[in-house]
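Protein chains in written order, with my numbering: chain B, 1 to 568; chain U, 569 to 1136.
The structure appears right after this line, and notes come after that.
There are 2 protein chains.
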Amino acid sequence: MRMSNLLMPTLREVPAEAEITSHKLMLRAGLIRKLAAGIYSYLPLGLRTLQKVEQIVREEMDNAGAQELLMSALLPAEAYQASGRWEVFGPSMFKMKDRNDRDFCLGPTHEELFTQTVIDSVRSYKEYPMTLYQIQHKYRDEGRPRFGIIRSREFIMKDAYSFDLTEEGLDKSYQKMYDAYCRIFNRLGLDFTIVDADSGAMGGSGSQEFMVKSPIGEDGIAYCDDCGYAANYEKAECIPQEKPSPEGDFDMEKIHTPNAHTIEELVSFLNAEAYNFAKTIIYKADDKYVAAMVRGDREVNEVKLKNLVGCVDDLELAEPFMVRQITNAEVGFAGPVGLDIPVYVDKEVAMMKNFIVGANETDMHYKNVNINKDFTPTEVADIRTIETGDVCPKCGKPIKTAQGIEVGHIFKLGTKYSDALGLKSLDETGKSKTVIMGCYGIGVTRCLAAAIEQNNDENGIIWPVSIAPYHAIVIPVNSKNEEQSEIAEKVYNDLKVKGIEVLLDDRNERAGVKFKDADLIGIPVRIVVGKKCGEGVVEYKERTAENAVEKNIDDAVNDVVEFINNNR
Amino acid sequence: MRMSNLLMPTLREVPAEAEITSHKLMLRAGLIRKLAAGIYSYLPLGLRTLQKVEQIVREEMDNAGAQELLMSALLPAEAYQASGRWEVFGPSMFKMKDRNDRDFCLGPTHEELFTQTVIDSVRSYKEYPMTLYQIQHKYRDEGRPRFGIIRSREFIMKDAYSFDLTEEGLDKSYQKMYDAYCRIFNRLGLDFTIVDADSGAMGGSGSQEFMVKSPIGEDGIAYCDDCGYAANYEKAECIPQEKPSPEGDFDMEKIHTPNAHTIEELVSFLNAEAYNFAKTIIYKADDKYVAAMVRGDREVNEVKLKNLVGCVDDLELAEPFMVRQITNAEVGFAGPVGLDIPVYVDKEVAMMKNFIVGANETDMHYKNVNINKDFTPTEVADIRTIETGDVCPKCGKPIKTAQGIEVGHIFKLGTKYSDALGLKSLDETGKSKTVIMGCYGIGVTRCLAAAIEQNNDENGIIWPVSIAPYHAIVIPVNSKNEEQSEIAEKVYNDLKVKGIEVLLDDRNERAGVKFKDADLIGIPVRIVVGKKCGEGVVEYKERTAENAVEKNIDDAVNDVVEFINNNR
């Protein structure tokens, strides 16, 4: 490709709209442009990489025996009404009416449709096991789209669904996808971690996430370097860590704590430690209200709480007016004593003595509170979020934590959708069985951003060869110099003939601009044709190398071919 | 691919929902399934062909120097409001609001977005000419989706847009697309006709459609075998054909025509010929009303009328209550005499004498009406639709007519969108120029259906090799016979190694079922491994051949390879 013909609007300035590296670089390198909040178009270089990611995903899915099909993105409401998700998705589902006033939505994920396809198409138990997938646009009206294509409202997902007649079959189908995912993310050049994930809310029996560790990741990961344990925060079991409590047999006492609404304010006002407090937080779980208690230095894990409470749809912080009504106090003074709603207590709180809680009265707290003496928990369970300083629930060694970008998710769905929609099959003995499903997603567009987050330097993107939009770039230092132009042209053609996807920077730009652009767009290897080209010498430089190396032309061409073929 | 693993739900029965051959066959061969009116999913065989069509389109677009990018399908209203098309598309645009109450739509076509992309990305006149394209889902809420994927509400389109600084540049860009389209449709195995199309309404300067002739086509084509002229009905110029009128110098006379609302009823009631009448039809053009007159045996061409009237948005039949108000009569008795709205008269009507028209009074007509004596036309012009019996406007020989499926459209847009959105560029002399655009569409999904309409027999689809989901199929007559299975397996592997995309029908089905399925899904060549396989003999049959031929195994394999490679 001649760059004089390439739509590649690189930017020297960092666009104000971007907060994170990948987003900045995707804009600066001219890979994407924003059309609306969370909605992007892909320009030629971005699309080429996207298509390569898609192709790698497709090849590995096919190799794993999955079959590709393509659903509509525009879907009739009935599909989601049958499973109840028409309501569950709430405002995150784009909904509309057609000209005949029928309800439609843009598919956020396609469990129902694949289930229905199998109901309609499969006639014999012999056709199972079966894994179907598609690579397709998905739509979620995120409340806070951000980080470019990492959390966007339109995105491309590979979603796959397995259909089995037995649990063992599901285990095998799941393992095939696990293996395929490892191959895919390796081929994409991603350094990833596989973590155990929560599967409770959807009623499944097992779930793992493929995470790319990154400070900008929105998911917390707990992992243990000693035993290899890894789980996301929702799933990671917290072993209670005891902290000193005031010793003694005290009676509960109401204390005046004017204007102390937060743990920090209380700590300073009462000259205590955060771990001497127990926070009481009021949640709305579906249509009822519950209280959750964790130690003052801990955070409630809402997924654990949601599963514990048996909440089906939404768990969210109670509205302030409801907090006032339930506690008879301003927000910030909730406590368990005398509270008329279920109180779920974290295991660590159950180890505390003589602790401090809100008094359900504005500007008042209780101190010297003790469980079962001053109030009775509805249930004691692990409802907090793991953090650094915790121990590995598997081996007891110190746990580490990191942030991760979720690029893949595999999930043993069980019979949630086959039950809801009626997907059954007679087995070989003539017995009717509910088909057991798994679902498997890859955030295809998100993988691009994750790859950039992991592969960049101060000059720009460093594409892994497998997904680089072009493998190599040939730069004549001075495009007006006839000799340089001719030799650059020859190198360009030689590389093309040898199967290398190559750019020729034939633009009438200063050499510095060309070098900067080549680095910014992350082409894995470049050949610079300069003054010495008359002597048969050019410069060879891999994107990650410190310095360029002079080589004779044929060697340079051969080295490019070898480098690319070794890293495809 | 082993067919025991293939999701291929073929149907023996013709589905009731399908009216036309391609739709029936796509359902019967398990290529698509309906999700809602005009919305389909593609099953594995359908998707493979779709991807091949896409790839051919992509290759030829790239070869023509066009650059691929990918826009969002979900688009903010602003893009279409600036061009005025937010209103123009009317109920055929899927519209919705996001969670922040902002207006969005599903893109029906992307002129505005590509124009905006060029405004945002191109900085120098040196970057022109430029042609950009995408292959992407489009959405139109058709009032009457029908014929399967021929007129659907979600479909895949290749849309391209060229950007030039001069008219000559546009001509060149247009010609490149013309040539690329010829190559594309040839490679797809389509027998197509290129017709001149109307470009008036959009303000362009030239337009052609690529039509696949088919009785189920929704577009009329007029063509001349003598001189090669071809145009669609909207564009085809009608040379007035005179018919005998009653001779004499009569005065207009009101006659009673009870219950005669149609030309047929009048012809029989008055014992006249249809060509002795002039029909007067009331239209609503944007927000005003006009009358159009054509001879009783002719039809009004609404596109010609729309252009003549200068209607910007919609031209449609006037509402019955407005017809009653304008004519003071029941519907069916409109006439030009005394009518208080503009009257547009077809050239043929202007040649008539002493003709019959409605009297603007229920159950009454006028006879012996003469133009300029009894009423004065607003304008006389060609506003009728061409038909068999007309003459070629170019050479005067008899014209032929046919129905066509529009698979491609190329259009010199001019500056409609660059004016509306402000796409200008300084040229090399520093003068500001409005960029001149062309737009070029291919109905990618529609091409599949068109290919089937043109390539089928009573047994099923006959795929052209270039877009067949698989090239070849190997069928062991009896899958339980070990020798047949083994040899079939060997042939299957041999063909795979030689780069043939091959199916192995390893299903435990009767031979008849396998043969029927192979024909139905249209695989170009098949090898049947039967009783003689022990002697090294198998049957070779191309899908279009009358009979199978016995060959020894190696010859059969080589002949498949040769046949496929010659027809790719």
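Just so it is clear, CB atoms sit at the ideal spot from N, CA and C, and this is done for glycine as well.
Interface partners of U/Thr-685 on chain B, CB under 7 Å: Arg-33 and Ser-41
Within-9 Å CB hit, B/Leu-70 to chain U: Put simply, the CB of B/Leu-70 is near chain U, with a gap under 9 Å to one of its CB atoms.
Interface flag, B/Phe-104 vs chain U, CB-CB below 9 Å: yes
Residue-level contact to chain U via CB, B/Ala-73, 9 Å cutoff: Judged by the 9 Å Cβ criterion, B/Ala-73 is in contact with chain U.
The segment 821 to 838 of chain U / the segment 966 to 980 of chain U touching (three or more Cβ pairs under 8 Å): no
Nearest neighbour of U/Thr-683, chosen from U/Ser-651, U/Ile-789 and U/Lys-744 [CA to CA]: U/Ser-651
Residues bridged to U/Gln-971 [DSSP beta-bridge criterion]: U/Gly-788
Minimum Cβ-Cβ distance from B/Leu-7 to chain U less than 9 Å: yes
Buried or exposed by the 16-neighbour rule on C-beta atoms within 10 Å, applied to B/Arg-510: Note on B/Arg-510: under 16 other CB atoms within 10 angstroms of its CB, so exposed under the neighbour-count rule.
Distance between B/Ile-282 and B/Leu-315 (C-alpha atoms, nearest Å): 11 Å
Partners in chain U for B/Pro-91, counting only beta-carbon separations shorter than 8 Å: Arg-667
Proximal residues to U/Asp-1139 (C-beta, below 6 Å), its chain only, five neighbours per side dropped: This structure cannot settle anything about residue 1139 of chain U, because the visible part of chain U is limited to 569 through 1136.
Integer Cβ distance of B/Pro-246 from B/Asn-354, believed to fall under 8 Å: Sure, about 4 Å apart at Cβ, within 8 Å.
Closest by C-alpha distance to B/Ile-521, when choosing among B/Ala-468, B/Lys-551 and B/Lys-541: Nearest of B/Ala-468, B/Lys-551 and B/Lys-541 to B/Ile-521, Cα basis: B/Ala-468.
Outcome for U/Ala-1113 when other beta-carbon atoms lying within 10 angstroms are tallied against a minimum of 16: exposed
Cross-strand partners of B/Pro-476 (DSSP beta bridge): Answer by DSSP bridge pairing, in chain order: B/Val-529.
Counted within 10 angstroms of its Cβ, other Cβ atoms place U/Met-890 as buried (16 or more) or exposed: exposed
Closest residue to U/Lys-856 among U/Arg-866, U/Val-880, U/Thr-848 and U/Leu-834 (Cα-Cα distance): U/Val-880
Whether U/Val-1097 touches U/Val-1042 by CB criterion (9 Å): yes
Residue environment, U/Asn-1061, which counts as buried when at least 16 other CB atoms sit within 10 Å: Answer is exposed; the Cβ neighbour count stays below 16.
Cβ of U/Phe-715 within 9 Å of any chain B Cβ: no
Cβ-based burial, B/Thr-131 [other Cβ within 10 Å; buried from 16]: buried
Cβ-Cβ distance between B/Pro-76 and B/Phe-94 below 9 Å: no
Helix, strand or coil at B/Gly-460 according to DSSP, with G and I counted as helix: strand
Residue nearest to U/Leu-885 in terms of C-alpha spacing, selected from U/Val-868, U/Asn-896, U/Gly-878 and U/Asn-875: U/Val-868
Alpha helix (DSSP H) runs contained entirely in the segment 32 to 60 of chain B, provided each spans 4 or more residues: none
U/Asp-1137 in three-state terms, based on DSSP: Because chain U here runs from 569 to 1136, residue 1137 of chain U falls outside it and cannot be looked at.
Short CB-CB distance (under 9 Å) between U/Phe-778 and chain B: no
Extent of the continuous beta strand (DSSP E) to which U/Phe-778 belongs: 774 to 781
Alpha carbon of B/Leu-7 to alpha carbon of U/Val-621, nearest angstrom: Rounded to the nearest angstrom, the two C-alpha atoms are 25 Å apart.
Cβ-based neighbour list, U/Asp-854, same chain, cut-off 7 Å, excluding 5 preceding and 5 following: Hits under 7 Å: Cys-879, Val-880, Asp-881 and Asp-882.
Reference U/Val-656; option with closest CA among U/Leu-642, U/Thr-677, U/Asp-688 and U/Glu-974: U/Thr-677
Residues that B/Ser-268 contacts on chain U, provided the C-beta gap is smaller than 8 Å: Within 8 Å Cβ-Cβ: nothing; B/Ser-268 doesn't reach chain U, min ~39 Å.
Residue-level contact to chain B via CB, U/Cys-594, 9 Å cutoff: Residue 594 of chain U is actually Met in this sequence, not Cys. No - not a single Cβ of chain B is within 9 Å of the one on U/Met-594.
Residue closest to B/Val-337, alpha-carbon to alpha-carbon, out of B/Glu-489, B/Val-357, B/Val-331 and B/Met-352: B/Val-357
Integer Cβ distance of B/Phe-147 from B/Ile-20, believed to fall under 8 Å: 5 Å
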